[in-house]
Amino acid sequence: MEKGALWRSALGEIELSISKAQFGTWFKNTYILSCEEKTVTIGVPNGFAKEWLENKFNLIVLRALNKHLVSIREIRCTVVPNQEKPEKKEVQGIDAIKAPQKNTTPPKNNGFIRKDITLSPTYSHTGVSSSLNSRYTFESFIVGENNNLAHSACYAISQNPGSLYNPLFIYGGVGLGKTHLLQSIGNALTAQDSNKKVFYTTTEKFTQELIGAIKSNSMENFKRVYQSIDLLIIDDVQFLSGKEKTQHEFFNIFNTLYQLDKQIVISSDRPPKSIATLEDRLKSRFEGGMIADISRPNLETRTAILRAKLLEKETILPEETIQYIAENISHNIRELEGALNRIVALSEIQNVSPNLEFAQNTLSDLLHSGKKKVITQAEIIKTICEHFNLSQEDIQKKGRKKEIAHPRQIAMFFLRDEIGLSYTGIGRIFGGRDHTTALHAFEKISKEIEKNTSLKEEIAFLKEKIYEF
Ligand code: ADP
Ligand code: MG
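Here is the structure:
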């Protein structure tokens, strides 16, 4: 079997046994360099990937290769930096088997005018690294299978910023530890070297400061401050969606830092491709680095987190109480921590033992309010509109615009699936459409979910958002 075909088949097997994020991260730009009788040498883009392929994924890779070539006993990896990669024809990695990517649109000149003006007073006082919370460290972060990949990537970057994966993009639901991990990188870096300039900001704060700088004619300074940073951390980048001017400026800052080999770390509640109206060139920049996801922790990890938080507080709780909290709060670590704090505080104030019964009583409101939530038609429509960056009028009025058809069908699907509205009722909500349109939408989405995993993920994500409302 020819090298390229062998690796393509092996990648097909590997893809089935690990998560999508892991596959994308570790196997992107890999290919077989040589194949001897017992040893296969794989070209990887950097030392980080080499370590993961040789250690963590060694068996999986070996097994996948053995399906086609039983003689292989050993995997070796050799780092081949990007620029030395063989000609495109010979690159038989993931990129070669992926569907061709959409062409990125050429950068638009949106009329932005550069001005050289004095420092904005608010900005000049923004000391770098001042916004890091010292509580968020790697030491206080519990690693589980849900965040393993994101954690190792963040840790590796804190040891070697700018040279491994740039940018690093971490995504996951609310309260799952994104901010904690991102800030841990900053805290670790400044602990090693106090001269390093670390800057943490949220996308909202970045946008506000940018608007402030434009208004006070201090854009040059705004840019200068950003350009002097060693590590830029931008949290919750999903809020960039739809803000053209902010995206444009962000792209410029991003490019400058990137070219200077400065590290950029970004977080979002969803992967880049699902951020509606994010400029294609930003999407492809984000996708060009490393993407790691954080999912919900399993019971074991939740218990470990509770124990760690108790240790931090120097408090003890009975085992049954810890188990009860861990078993009942599974969606969000912030809520898990909140429940723990509530039990500890109330039992101290009331001077009663925090036993199982006390925990059950204390948490009963919290658990019932969360689980038995009744959602409304308005919440569904609003969530879908926000996600796809559409106005309610856009989605509800009669019109045949193609880009609205998909979000509208999803909204129809949820109205039927989650609150059981009649097809006639759904048709009425969407500009007096016929009930068959609603029926068609529901059936189409239901069927597609079975075959299309990215749609399935999107629907699960949106459902979570609707219930978070
Ligand atoms: P996000 O930014 O994803 O919404 P945060 O980073 O704010 O979530 O995390 C919410 C809370 O949960 C924080 O107090 C954080 O310290 C805690 N937390 C999240 N994940 C972990 C973890 N793996 N180990 C310890 N604490 C965690
Ligand atoms: Mg956060």
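With the numbering used here applied, the sequence shown corresponds to residues 386 to 854, in that order. The beta carbon of each residue, even a glycine, is placed where N, CA and C say it ideally should be. All values reported here derive from a predicted model rather than from experimental measurement.
Near ligand 2, meaning a beta-carbon closer than 7 Å to one of its heavy atoms, we find 563, 564, 620, 621, 652. A residue is called buried once 16 or more other Cβ atoms fall within 10 Å of its Cβ, and residue 588 is buried on that count. Among the bridge pairs identified by DSSP, residue 675 is matched with 553.
Around the CB of residue 817, fewer than 16 other CB atoms lie within 10 Å, so the residue is classed as exposed. Rounded to the nearest angstrom, the gap between the Cα atoms of residue 540 and residue 523 is 8 Å.
By the Cβ rule, the segment 788-801 counts as touching the segment 759-771, because three or more pairs are nearer than 8 Å. Taken through DSSP and simplified to helix, strand or coil, residue 798 comes out as helix. The segment 688-695 and the segment 652-667 do not touch, with fewer than 3 CB-CB distances between them shorter than 8 Å. Proximity of the beta carbon of residue 561 to ligand 1 is indicated: a heavy atom of the ligand is located closer than 7 Å. DSSP places residue 459 inside the beta strand (DSSP E), whose first and last residues are 459-464.
Using a Cβ-Cβ distance cut-off of 8 Å, the segment 549-558 and the segment 657-675 are in contact, since at least three pairs of beta carbons, one from each stretch, lie closer than that value. Residue burial annotation: residue 458 is exposed, with fewer than 16 other C-beta atoms found within 10 angstroms of its C-beta. The C-alpha of residue 773 lies about 11 Å from the C-alpha of residue 795. Between residue 851 and residue 764, the C-beta gap is smaller than 8 Å, which places the two residues in contact. Per DSSP, the beta-bridge partners of residue 616 are 583, 648. Under the three-state reduction of DSSP, residue 528 is assigned to coil, being neither helix nor strand. Between residue 829 and residue 746, the alpha-carbon positions lie close to 44 Å from each other. At a Cβ-Cβ threshold of 8 Å, residue 682 and residue 739 do not count as neighbours.
Taking one beta carbon from each stretch, the segment 831-839 and the segment 803-819 have fewer than 3 pairs nearer than 8 Å; the two do not touch. Relative to ligand 1, residue 715 has its C-beta separated by 7 Å or more from all heavy atoms. Sequence-distant partners of residue 451 (beyond 5 residues in either direction) whose C-beta falls short of 8 Å from its own C-beta, in its chain, are 457.
The three-state reading of DSSP puts residue 715 in coil, since its state is none of H, G, I, E or B. Counting other Cβ atoms within 10 Å of its Cβ, residue 631 reaches 16 or more and is therefore classed as buried. Pairwise C-beta distances place the segment 609-629 in contact with the segment 571-585, as three or more of them are shorter than 8 Å.
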